[in-house]
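I have placed the structure first, in the form of structure tokens, so that the comments after it can refer back to it.
Numbering (the working numbering), first residue to last: 429 to 1015.
So, in structure tokens, the structure goes:
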């Protein structure tokens, strides 16, 4: 590797030849010596989404000239100043221009304290600038049941456009014009809901400010808890436990499962359950469906159905492949349906009095609960979905500090015991591995000697593997990110690829990187693989679990023996399975 010698703020560095000044700045952040760390601010840049920061704040002085650090490459002998008077003045000027088009009602913004613009304004001494005049205020786009788009807070960075088009292959958001005069808007004039948006929330995840946010429901949840006539049940998805701590300044990847159970009780929920039980149930039904298709000549490959962002994408762009989708509901709606059927009967509670709340890493789950055929007990399976971010806000509103809570509490019975397989659902490859642990034993009739299917793990966008199961060759693929799904499905349709089972997750890396997860700024995402760190927490949880196969979960076994009968039974199909609809591009 060729290197060049440069100076940053008077300190000598050897850096890889050809990298940008910004990359060199990020490299210095890895050094242990505090005085050697030379950060350069960014606002538009986000690794893997937008590599050029043209906001004006990513400016430095190189050999006496002001240059853009994200586009200028280091060369031998270059001398760089990151905080000279000229640099600081240029950054303030750039921030002032952005602020002039920005609604500054920060105190009421959902992204206050986690806003990349707000951080820079504090650092560069902006305190009491005039707000936008009323005649320039636009009404927010509330057409979506999932997302809110507020152009008054948009800083024209283009991250949302890039992630929607390049990473997700949807292009629900477009831009016209240049620079700060650019207009960013949905592809449909009727708003985001009519723009083929799949509700994945990746635009929310990458937005540096509050221009795109999830549509909150936590106030309605508080009202339900306060209603003495309601029995309010909450469930928590696996990926939430690996990320909620970040909203309370925990390090990345801390498993907060026990703390979450305790915190939800403090909020006043009547019962606190774990969605990993629903994940185990999904695996039993899904593995049964896969085996039936393989043995009886059913439609293959079978495509997973746990991710509602992917489901809506398929309905828009691959309506001819809807028969390939598993008919299984996602884990949280399966669980909700059981709460309002089996559990309601068991506990003697009228199902109409039960309010089910799901805490999810995913914004698309908010749309999912509005779909037809999501009412297994003839009432909505799930009444409200709040994201990890919303739960963090709810806890702070109630002055509950996660760090002060015991980490050892458990979820409620009789549905409190899940398996490591269920927890692994939160990361790309987790559904596949969990399904294989069950399907392999069912197909071979023998216990698994090795429960680890490492070929399907990891953050690669497309993973492939093949397994010989008692003479039956089962080829599988795991995909995350909808652009990757588009590429793989194209290969399947043209006959270039042949699989029996394919896992697809809309969000890159899986649910750990969902649109409702805590925001991490560009510098953190440049230095750490955030989804991978969160996924590692779930993998560790799986490895340390006593039960690691869904079909060995005694809670699930009891559920089938007492109520559902067998996997795929008529009752199981009515409560736990769903249907799909063909959509036009703009519906």
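Just so it is clear, CB atoms sit at the ideal spot from N, CA and C, and this is done for glycine as well. In this text the structure is predicted, and so the values were computed from the model without any measurement.
With a Cβ-Cβ cutoff of 8 Å, do residue i and residue j count as a contact?
i            : j            : result
residue 485  : residue 523  : yes
residue 807  : residue 768  : yes
residue 816  : residue 762  : no
residue 912  : residue 890  : yes
residue 982  : residue 853  : no
residue 944  : residue 798  : no
residue 673  : residue 961  : no
residue 741  : residue 934  : yes
residue 996  : residue 743  : no
residue 447  : residue 501  : yes
residue 1032 : residue 1006 : Nothing about residue 1032 can be reported from this structure: the residues present for the chain run from 429 to 1015 only.
residue 784  : residue 801  : no
residue 897  : residue 738  : no
residue 700  : residue 840  : yes
residue 883  : residue 893  : yes
residue 626  : residue 598  : yes
residue 847  : residue 760  : no
residue 895  : residue 729  : no
DSSP puts residue i in a beta bridge; with which residues?
i           : result
residue 614 : 601
residue 569 : 577
residue 734 : In DSSP, residue 734 forms no bridge with anything.
residue 815 : 788
residue 756 : 1005
residue 661 : 699, 784
residue 642 : 575
residue 487 : 496
residue 478 : 474
residue 509 : 489
residue 905 : 892, 930
residue 448 : 501
Report the three-state DSSP secondary structure of residue i (helix, strand or coil).
i           : result
residue 440 : strand
residue 900 : strand
residue 530 : coil
residue 893 : strand
residue 701 : strand
residue 621 : helix
residue 433 : strand
residue 956 : coil
residue 493 : strand
residue 782 : strand
residue 650 : helix
residue 935 : coil
residue 965 : helix
residue 852 : helix
residue 882 : helix
residue 677 : coil
residue 456 : helix
residue 501 : strand
residue 772 : helix
residue 687 : helix
Just the Cα atoms here: how many angstroms apart are residue i and residue j?
i           : j            : result
residue 518 : residue 747  : 51 Å
residue 478 : residue 899  : 47 Å
residue 445 : residue 451  : 11 Å
residue 435 : residue 513  : 18 Å
residue 589 : residue 832  : 40 Å
residue 636 : residue 870  : 47 Å
residue 986 : residue 766  : 13 Å
residue 601 : residue 1003 : 36 Å
residue 772 : residue 939  : 29 Å
residue 856 : residue 505  : 44 Å
residue 549 : residue 497  : 20 Å
residue 655 : residue 753  : 39 Å
residue 875 : residue 862  : 14 Å
residue 707 : residue 843  : 12 Å
residue 779 : residue 764  : 11 Å
residue 678 : residue 851  : 20 Å
residue 924 : residue 905  : 13 Å
residue 819 : residue 825  : 10 Å
residue 603 : residue 609  : 10 Å
Can you round the beta-carbon distance between residue i and residue j to whole angstroms, since I take them to be within the 8 Å contact cut?
i           : j           : result
residue 645 : residue 595 : Their Cβ separation, rounded to whole angstroms, is 26 Å, which puts residue 645 and residue 595 out of contact at 8 Å.
residue 789 : residue 671 : 7 Å
residue 545 : residue 471 : 6 Å
residue 660 : residue 653 : 5 Å
residue 532 : residue 559 : 5 Å
residue 849 : residue 970 : 7 Å
residue 495 : residue 509 : At roughly 11 Å, the Cβ-Cβ gap does not stay under 8 Å, so residue 495 and residue 509 are not in contact.
residue 632 : residue 640 : 5 Å
residue 959 : residue 887 : 6 Å
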